Amino acid sequence: MKLKETFDRVASNKKVRIGIGAAAALLSLWFLFRPKPVISEIGKVSKGIYRQFVEEEGITRVKEKFTVYSPVNGVLKRIHKHAGADVKKGETLAVVRWDFDKAVVSPSNGKVLKILRESEGPVEMGTPLLEVGDTRQLEISAEILTQEAVRIHAGDPVEIEGWGGGTLNGKIRIVEPSAFTKISSLGVEEQRIRAIVDFDPPSEMGEGFRVRCKVTTMIRENALVAPTASLFRDGEDWYVFKVIKNKARKTKVILEDRSGENALIREGLNEGEEVILYPGEGIGDGVKVR
């Protein structure tokens, strides 16, 4: 009974009611305007196999392609072969009328790759008529930036993608010793070098197919790996935001290497730690995340 009387007396006090109302208002404002946790994508630091690779586009080409020329001055009879036709070594491909009909024969087994001169008419000695090659014997020529080519060596494994089918496996046969200048799509001069890839082509593939080559240049087992998307620069150093008790903590890291989606970590992180991927402007040291 005394407790009820005490409560009624306190509740009837005007100052107490004002204080309770003010506290409730402040509490409501705090809930309304308190910093909300930033929704973030989280990745994990893990130990596993780290692969360093160089990725570049390449073009398929026949290993041994022959251009067939007119051997004499004369009149070329119309060529009836078509691109894609099978030919055998020694088979007649064209006839040039000279003092007598001079047969032009195929130098190898394979297919007609291209007809360079089809119509009948006069030709001079040395005029290119056809291209012949064996499309079962293809290679890939990839033009690689010189600063990346120094990591590539004969025998390095290659994954071949982007040709319209599944992933194919190949191997670097040779890295040519002489570089050349190429203008990029942005108009920048680049020094590139050709790397030749051997592989087993599927029957659907022919010459001139554009492919994507991923050359593995290093494999490290039991490596500490973090997602590349978690890294950002601050001055000359690399940092990540670690997630500790639902808060972002800016952490300096030392990298050993980066390649594709993964970075090889030397110092600053431990296995199992969580890091924020693609940190935006809303992320800072001490910011709550979820």
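Residue numbers (full-length UniProt numbering): 1 to 290.
Glycine included, C-beta positions come from ideal geometry on N, C-alpha and C.
All figures in this text were calculated on a predicted structure; none of them were measured in a lab.
Whether residue i touches residue j by CB criterion (9 Å)
{"i": "alanine 149", "j": "isoleucine 196", "result": "no"}
{"i": "glutamate 120", "j": "leucine 76", "result": "yes"}
{"i": "valine 275", "j": "glycine 110", "result": "no"}
{"i": "tyrosine 69", "j": "leucine 113", "result": "no"}
{"i": "proline 157", "j": "glycine 166", "result": "no"}
{"i": "lysine 214", "j": "isoleucine 172", "result": "no"}
{"i": "threonine 135", "j": "glutamate 207", "result": "yes"}
{"i": "arginine 151", "j": "threonine 217", "result": "yes"}
{"i": "alanine 154", "j": "valine 175", "result": "yes"}
{"i": "leucine 168", "j": "proline 201", "result": "yes"}
Paired residues, beta bridge with residue i - DSSP
{"i": "leucine 264", "result": "Val225 and Asp257"}
{"i": "proline 201", "result": "Paired residues: none, contrary to the question."}
{"i": "leucine 168", "result": "Ile160"}
{"i": "glutamate 281", "result": "Note: glutamate 281 sits in no beta bridge, so no partner."}
{"i": "leucine 76", "result": "Val96 and Gly121"}
{"i": "lysine 182", "result": "Glu190"}
{"i": "arginine 249", "result": "Lys242"}
{"i": "leucine 138", "result": "Val62"}
{"i": "glutamate 271", "result": "The partner list for glutamate 271 (beta bridge, DSSP) is empty, contrary to what the question assumes."}
Assigned exposure category for residue i - 16 Cβ within 10 Å defines buried
{"i": "phenylalanine 180", "result": "exposed"}
{"i": "tyrosine 50", "result": "buried"}
{"i": "glutamate 267", "result": "exposed"}
{"i": "methionine 125", "result": "exposed"}
{"i": "serine 184", "result": "exposed"}
{"i": "leucine 269", "result": "buried"}
{"i": "lysine 242", "result": "buried"}
{"i": "glycine 235", "result": "exposed"}
{"i": "lysine 81", "result": "buried"}
Backbone CA spacing between residue i and residue j [nearest angstrom]
{"i": "valine 72", "j": "arginine 78", "result": "16 Å"}
{"i": "serine 108", "j": "lysine 65", "result": "9 Å"}
{"i": "residue 297", "j": "leucine 224", "result": "The displayed coordinates of the chain run from 1 to 290. Any statement about residue 297 would go beyond what the structure contains."}
{"i": "lysine 63", "j": "threonine 146", "result": "24 Å"}
{"i": "phenylalanine 199", "j": "aspartate 99", "result": "47 Å"}
{"i": "lysine 88", "j": "phenylalanine 53", "result": "41 Å"}
{"i": "glutamate 273", "j": "arginine 290", "result": "15 Å"}
{"i": "glycine 90", "j": "valine 104", "result": "9 Å"}
* Taking three-plus beta-carbon pairs below 8 Å as touching, is the region 226-237 in contact with the region 184-194? -> no
* Asked: Do three or more CB pairs link the region 130-141 to the region 57-64 at distances below 8 Å?
  -> Yes, since at least three Cβ pairs between the region 130-141 and the region 57-64 fall closer than 8 Å, the two stretches touch.
* Okay, do the region 238-252 and the region 271-289 touch, 3+ Cβ pairs below 8 Å being the bar? -> In short, these stretches touch, since the Cβ pair count reaches three.
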